[in-house]
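Only one structure is covered here, and it is reproduced in the block below.
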DNA sequence: ACCTGAACACCGTTCAAGT
DNA sequence: ACCTGAACACCGTTCAAGT
């Protein structure tokens, strides 16, 4: 145990891929996708760009690693629930909240698909799908549908949050969109005008859960449990 | 009728927002999102950047306009089908194919949400949802779920196509991913390994349709038609 | 009203040089 | 093996000037 082993907490830590990814997540959270710059990252880590490129191949890889870190954390806890349905619901909601908290993640996820991160989600959902009694030869298809819905809904929710900006008032935003819908051309948008009020009053999280339930009900309807 | 009224087809046409958007779509199709540059656009239209900025506020607006143009074209034809379900299926498949043909569109769509383009899709789907006999107070929720699924599935499909690149062989790609899945850690990815073979043999378009059917079955299960 | 094109600020990435 | 920092090529956007 030399003196060097005692490191005072404020001292500059050695650079590492882990620290870089962590810093990247922080900057993305704080300022969105436009906020992650090698210049800014360089300053925050008190190095030159070359140091970062030693640990990370390029910006794309860094974004992928940041995304994977967030998703892995969201999936870390075993989802609780009495039934497979409840566990899918819990897993889905955990992802939804993670994407909501880090709303740059959604765009990354829908742009990477069969890459590193999606298999994590696929595996988590798939285990419960198989436990629901879906016939074996439908496992891939059904799991894909659930994952597609989760990512699609999360992405659109995040997109709304991004338009909104960090400080804005949600109720105000919904009211504004709702009013805009009411003013659409009645010839082209008769349906949308009809639901403008429902749109104003809806709750994103609840709506997402309703969607999950609807998809799960579809699974049961198309593949009734044996018996 | 002056001489000027006769314009030979090959002569340089006046610049217009329409021509700019059209050129942008062409460049995005040819070279993906990275291929749309004001420099390249400037060259293609034989002008300076200032000319383009006269008609279009910035790159974001140009991308949104290009996206809207593609989606509007895909939705132009009244979807055919005997039942509301069939018409939803037709509409969804039209969108799926459009996103597949212009695979930069998906990322744009999931990043714009309640903006200009999504209401078009929402309206198209919603009309048929209401015709399915879903109770009025559920129209917004149910339509949202269908739209979220369509956009989510289309986005992930486009992401796969992008990784693949324009010239690549699809079967080869699926085989590679399938093999990668088979080599995953059995402790962490038992389910994914099990469906690796199904993944290799699946058809994207058919899988999408199965997903739509599953969602539609869910709607009927949760909201049985009155009677 | 519409277009030109030089210029500005900023970006991701590279690389010779250091330790 | 790991880090430094100047330099390169390229980007979106602006704007004074033209017609």
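Protein chains in written order, with my numbering: chain F, 2 to 228; chain V, 2 to 228. Idealized CB from N, CA, C, for every residue including glycine. The model shown is predicted, which means the values in this text are computed figures rather than measured ones.
Straight through space, the alpha carbons of residue 66/F and residue 118/F are spaced by roughly 9 Å.
Cβ contact annotation for residue 122/F (same chain, cutoff 6 Å, sequence separation greater than five): 148, in chain order. Straight through space, the alpha carbons of residue 177/V and residue 170/V are spaced by roughly 11 Å. In this structure the region 150–167 of chain V does not lie against the region 87–102 of chain F, because fewer than three pairs of beta carbons, one per stretch, are closer than 8 Å.
For residue 15/V, no alpha helix (DSSP H) segment is defined, and its DSSP state is neither H nor E. A distance below 7 Å separates the beta carbons of residue 112/F and residue 108/V.
The three-state secondary structure of residue 211/F, taken from DSSP, is helix. Here DSSP, grouped into helix, strand and coil, assigns residue 112/V to coil.
Annotation: residue 50/F has no Cβ neighbours in chain V at a cutoff of 8 Å; minimum Cβ distance is about 21 Å.
Cβ neighbours of residue 212/F within its own chain (closer than 7 Å, five residues either side excluded): 150, 154. The beta carbon of residue 124/V sits closer than 7 Å to some beta carbon of chain F. Here residue 18/V has 56 as same chain residues with Cβ atoms under 6 Å from its own Cβ, once five neighbours each way along the sequence are excluded. Residue 219/V places its beta carbon less than 7 Å from that of residue 219/F. The shortest C-alpha to C-alpha distance from residue 16/V to any of 59/V, 49/V, 105/V is the one to 49/V. Here residue 204/F carries a coil assignment [DSSP, helix/strand/coil].
By the CB criterion at 7 Å, residue 74/V and residue 96/V fall outside the cutoff. DSSP places residue 37/F outside both helix and strand once states are collapsed to three, so it counts as coil. For residue 40/V, the closest C-alpha among the options 51/V, 33/V, 31/V, 30/V is that of 51/V. Contacts with chain F at 7 Å (Cβ-Cβ) include residue 142/V.
Apart from sequence neighbours up to five positions away, the residues of its chain that approach residue 179/F with a beta-carbon distance below 6 Å are 197, 200, 201, ordered along the chain.
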